[in-house]
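Undergrad: After the structure tokens below, expect a handful of questions from me.
Numbering (our numbering), first residue to last: 1 to 281.
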């Protein structure tokens, strides 16, 4: 689907007036199509979900509260570069994603920092397939899935936060919400793993939560909130991992993991500054 087709969807939904607002609502993403397999069938250094990571010698397996973290994914950025419409990610290198093995980190407290890990190497050097640490429970290890990639446009679920002069009527908002329900065909609603783009939210917007909590703000009456709130627009989705029971990934009650990053940290390749939020229905 391209923007012309999205404009047609707006017109068909009686939202001709709002076609002017499409640009801030639409963000390209890289859809990850996962196919369960075995680690033994995957070469060292390929993109994958689950299984065991292929790590350089200088990256130790991360630990949180004396327990090794679950390995979530590794992304070979040469694989994703052709699908990165805005060229936001490095064109080469590797990303590795880990998460709290107990799945008790929701990203809703400043003390959660460290409950996930993201590593980046532009030149990864020699990679070696790691063995599961002895203190990583079997239930916290996931089956491997190979990955293929596709460009996919996404629409914001919260247009009022994207449009500077938001003037939609209640009826227009309702029609837009109905359009969103049908925007993704049924066969693509499962296993919504993606890099970049608009997140598939299950609860509230991620950006303000990431901005405030990463700066230590959790109370509504915190005097720093007003100063920090404008910075929420800097945050964007980096990596979304859906519940995928085919490989043993289930986040709370069929939830999602969202790794978010600021635009400046993304440009500077400071992936260690990612903030994670877990949402569930």
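Beta carbons: idealized from backbone N, C-alpha and C, even for Gly. Every value quoted in this text rests on a predicted model; they were computed, and no experiment measured them.
Going by DSSP, name the residue or residues bridged to residue 52.
TA: None; residue 52 has no bridge partner.
Undergrad: Which whole-angstrom value is the C-beta distance of residue 34 and residue 215, which I expect to be below 8 Å?
TA: That belief does not hold up - the Cβ atoms of residue 34 and residue 215 are roughly 34 Å apart, past 8 Å.
Undergrad: Between the beta-carbon of residue 246 and the beta-carbon of residue 36, is there less than 7 Å?
TA: yes
Undergrad: Between which two residues does the alpha helix (DSSP H) holding residue 214 run?
TA: 206–214
Undergrad: When DSSP labels each residue in this structure, what does residue 289 get in the three-state scheme?
TA: Residue 289 is absent from the structure shown; the chain starts at 1 and stops at 281.
Undergrad: Indicate the three-state DSSP secondary structure (helix, strand or coil) for residue 154 in the structure shown.
TA: Residue 154: strand per DSSP, three-state reduction.
Undergrad: Determine the DSSP secondary structure at residue 273, reduced to helix, strand or coil.
TA: helix
Undergrad: From 96, 60, 49, 10, pick the residue whose C-alpha is nearest to that of residue 142; which is it?
TA: 49
Undergrad: Would you check if there are 3 or more beta carbon pairs closer than 8 Å linking the region 243–259 to the region 216–230?
TA: no
Undergrad: Quick check on residue 254: buried or exposed, where buried means 16 or more other Cβ atoms within 10 Å of its Cβ?
TA: exposed
Undergrad: Please name the residue, chosen from 26, 7, 15, 1, that lies closest to residue 163 on a Cα-to-Cα basis.
TA: Of the candidates 26, 7, 15, 1, the one whose C-alpha sits nearest the C-alpha of residue 163 is 26.
Undergrad: Of the residues 112, 65, 30, which one's Cα is nearest the Cα of residue 85?
TA: 30
Undergrad: Given this structure, state the Cα-to-Cα distance separating residue 237 from residue 198, to the nearest angstrom.
TA: Going from the Cα of residue 237 to the Cα of residue 198 covers about 7 Å.
Undergrad: Please say whether residue 234 and residue 263 have beta carbons closer to each other than 7 Å?
TA: Residue 234 is positioned such that its CB atom lies closer than 7 Å to that of residue 263.
Undergrad: Ignore the nearest five residues each way along the sequence and tell me which others in residue 124's own chain have a CB closer than 8 Å to its CB.
TA: 45, 56, 93, 94
Undergrad: Excluding the 5 residues preceding and the 5 following residue 132 in the sequence, name in chain order all residues of the same chain whose CB lies nearer than 7 Å to its CB.
TA: Non-local C-beta neighbours of residue 132 in its own chain, meaning closer than 7 Å and more than five positions away in sequence, comprise 52, 141, ordered along the chain.
Undergrad: Helix, strand or coil: how does DSSP classify residue 33 here?
TA: strand
Undergrad: Run the CB neighbour count on residue 180, radius 10 Å, all protein chains shown included, and call it buried at 16 or more, exposed below.
TA: exposed
Undergrad: When you compare only the Cα positions, how much space is there between residue 144 and residue 101?
TA: 16 Å
Undergrad: What residues in its chain sit with their C-beta under 6 Å from that of residue 1, if we drop five residues either side in the sequence?
TA: So the qualifying residues of the chain are 153.
Undergrad: Could you check whether residue 279 and residue 202 sit closer than 7 Å to each other, using their CB atoms as the reference points?
TA: The answer is yes: Cβ separation under 7 Å.
Undergrad: Helix, strand or coil: which one does DSSP assign to residue 193?
TA: strand
Undergrad: Figure out for me which residue from 151, 184, 173, 149 has the closest Cα to the Cα of residue 159.
TA: 173
Undergrad: Look at the alpha carbon of residue 185 and the alpha carbon of residue 24, and state the distance between them as a whole number of angstroms.
TA: 22 Å
Undergrad: With C-beta atoms as the reference, is residue 68 less than 7 Å away from residue 112?
TA: no
Undergrad: Verify whether the separation of the beta carbon atoms of residue 206 and residue 32 is less than 7 Å.
TA: no
Undergrad: Determine the burial state of residue 47: buried for a count of at least 16 other Cβ atoms within 10 Å of its Cβ, exposed for fewer.
TA: Buried, since its Cβ has 16 or more Cβ neighbours within 10 Å.
Undergrad: Put residue 199 into one of helix, strand or coil per three-state DSSP.
TA: coil
Undergrad: I'd like to know whether the C-beta atoms of residue 276 and residue 116 end up nearer to each other than 7 Å.
TA: yes
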